[in-house]
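*Asks:* The structure follows.
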Amino acid sequence: MTASCPFEATRDDRKSAALAAERITVDPGTRVVGSLAFARELLRGTATRQAGAGATGEVTGDPAFTSVFFLDGEPHKRKRQAIVRFFTPKAISTRYRAVMETTTYDLLARMRARGEGQLDRMSFELAVTVAGEIVGLTDSVQSAMAQRIQATLIGLRLPRMSRWLRPFGQLLATFHGVRFLMLDVRPAIRARRAQRREDVISHLLDEGYPDKAILVECMTYAVAGMITTREFIVMAAWHLFGDDALRERFLTGEDADQIAILEEIMRLDPVVNMIARRVTADTVTASGSVTSGENLVLDIRAANLDEAGVGECPHSLDPDRARRTKTAGSYLSFGDGSHRCPGAQVALTETRIFLDRLLRVPGIRLRREPDLCWADELMGYELRNAVVTCDRS
Numbered sequence: 001m002t003a004s005c006p007f008e009a010t011r012d013d014r015k016s017a018a019l020a021a022e023r024i025t026v027d028p029g030t031r032v033v034g035s036l037a038f039a040r041e042l043l044r045g046t047a048t049r050q051a052g053a054g055a056t057g058e059v060t061g062d063p064a065f066t067s068v069f070f071l072d073g074e075p076h077k078r079k080r081q082a083i084v085r086f087f088t089p090k091a092i093s094t095r096y097r098a099v100m101e102t103t104t105y106d107l108l109a110r111m112r113a114r115g116e117g118q119l120d121r122m123s124f125e126l127a128v129t130v131a132g133e134i135v136g137l138t139d140s141v142q143s144a145m146a147q148r149i150q151a152t153l154i155g156l157r158l159p160r161m162s163r164w165l166r167p168f169g170q171l172l173a174t175f176h177g178v179r180f181l182m183l184d185v186r187p188a189i190r191a192r193r194a195q196r197r198e199d200v201i202s203h204l205l206d207e208g209y210p211d212k213a214i215l216v217e218c219m220t221y222a223v224a225g226m227i228t229t230r231e232f233i234v235m236a237a238w239h240l241f242g243d244d245a246l247r248e249r250f251l252t253g254e255d256a257d258q259i260a261i262l263e264e265i266m267r268l269d270p271v272v273n274m275i276a277r278r279v280t281a282d283t284v285t286a287s288g289s290v291t292s293g294e295n296l297v298l299d300i301r302a303a304n305l306d307e308a309g310v311g312e313c314p315h316s317l318d319p320d321r322a323r324r325t326k327t328a329g330s331y332l333s334f335g336d337g338s339h340r341c342p343g344a345q346v347a348l349t350e351t352r353i354f355l356d357r358l359l360r361v362p363g364i365r366l367r368r369e370p371d372l373c374w375a376d377e378l379m380g381y382e383l384r385n386a387v388v389t390c391d392r393s
């Protein structure tokens, strides 16, 4: 043990690593990059393009209505600049924080009335409500909308279904998608056609988006923001319930201290495990080189454990790590460069608020640890059926 490594060298605080190692696969011919420095250089440079997760590197539809998540270069820059105002610290403090706090209060009040609650359900309703405020999906019942969004996600599993089940899966995906469109998206569109608001749907209407393109945007935000935030809230709660000292530090710390703890949990157990890229130009960086035409996978887990970038004892949960290494505490968990997750601070803030309030509930305890599952279609973990109990109010 050294001054820069306050834990036993063999300590490993990761919860999802073994399952990820078992389930993550990479296509033959794909190069894996696990160096933190090299991955950052690639993500911050201009020699690669989006690949995987629905991105093909080529815009096949009308580029004017293509989601910012699937664009690169100048088209991506222009669209990103147009929506960044929805994710600023000012927007979080003046518009979304109140939604986070009110929704948390309601969720915990219901939990206290029952004496127990299921973490993945509560966290998903919170994530849907907050993201709904940002996107503009505010003209339907949020708890019911959360269930409808969850049902539409069967569409993500279609590529892995057998050819016998796929038609049935496609039918279900279409049904749930139409239901989400009719009961949630179109009411929001109608309200914003009558009166614009400061949200994504209003912006899309100003840009001339048709209803179908707005639905695609709403589903993209659901996958990119709502689902990932749900998993992270449950993972962070699992860590905090299982470590008395860490939980005490979280509850006694200032906002910045709490965020540092959450970012360190995200470093160890990132929700997004891989970032796929296709190389478009031969490039040499300080850390390595790539050749045009190469298919790359940037291994988030490996990069977040790279001792050259994160310091010694990389498998231990150390909230002071980022301060010592003088870098962003989430490392690559939210990506980097032009495609870094725009909602990173939203996710961290709502997670911090919810867990701070949850852990202060009288008698709160984790009665049942979550089932650790894997979603092949998203190449990430899922945490289900974690139950917390408390003193009934």
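Here my numbering is used: position 277 in the sequence shown is 277, and no number is missing along the way. All C-beta atoms, glycine included, are put in the ideal place defined by N, C-alpha and C.
1) For residue 73, does the three-state DSSP call read helix, strand or coil?
2) Which of helix, strand or coil does DSSP assign to residue 299?
3) Grouping DSSP H, G and I as helix and E and B as strand, with all else coil, what is residue 259?
4) Per DSSP, residue 381 forms a beta bridge with which residues?
5) Run the CB neighbour count on residue 15, radius 10 Å, all protein chains shown included, and call it buried at 16 or more, exposed below.
6) Only counting the same chain, and skipping five residues up and downstream in sequence, which positions put a Cβ closer than 8 Å to that of residue 125?
7) Check whether the Cβ atoms of residue 119 and residue 361 sit closer than 9 Å, and answer yes or no.
8) Would a C-beta distance cut-off of 9 Å place residue 332 and residue 303 closer than the cut-off?
9) Since residue 316 and residue 11 should fall inside the 8 Å C-beta cutoff, what is the C-beta to C-beta distance between them, to a whole number of angstroms?
10) Hey, would you say residue 309 sits closer than 9 Å to residue 325, going by beta carbons?
11) How is the beta strand (DSSP E) around residue 17 delimited, first residue to last?
12) Once you ignore the five residues that flank residue 80 on each side, which residues in its own chain have a CB closer than 8 Å to its CB?
13) Given a threshold of 16 other Cβ atoms within 10 Å of its Cβ, counted over all protein chains shown, does residue 164 qualify as buried or as exposed?
14) Where residue 214 and residue 284 are concerned, what is the direct C-alpha to C-alpha distance, given to the nearest angstrom?
15) Buried or exposed for residue 185, please, with buried defined as at least 16 other CB atoms from any protein chain shown within 10 angstroms of its CB.
16) Could you say which of 248, 135 and 367 lies nearest to residue 117 if we only look at CA atoms?
17) Is the separation between the beta-carbon of residue 100 and that of residue 353 shorter than 9 Å?
18) From residue 262 to residue 109, what does the alpha carbon distance come to, in whole angstroms?
19) Determine whether the beta carbon atoms of residue 299 and residue 47 lie at a separation below 9 Å.
20) May I ask which residues mark the beginning and end of the beta strand (DSSP E) holding residue 48?
21) Straight-line CA distance for residue 176 to residue 150?
22) For residue 247 versus residue 241, is the C-beta spacing smaller than 9 Å?
23) For residue 155, collect the residues of the same chain with a Cβ closer than 6 Å to its Cβ; drop the 5 residues on either side in sequence, then sort them by chain order.
24) Quick one: is residue 167 buried, meaning 16 or more other Cβ sit within 10 Å of its Cβ, or exposed?
*Replies:* Judging by the given coordinates:
1) helix
2) strand
3) helix
4) 374
5) buried
6) 103, 107, 142, 143 and 146
7) no
8) yes
9) 5 Å
10) yes
11) That residue, residue 17, is in no beta strand (DSSP E); its alpha helix (DSSP H) goes 17 to 23.
12) 68, 338 and 342
13) exposed
14) 39 Å
15) buried
16) 367
17) yes
18) 24 Å
19) no
20) 48 to 51
21) 9 Å
22) yes
23) 173
24) exposed
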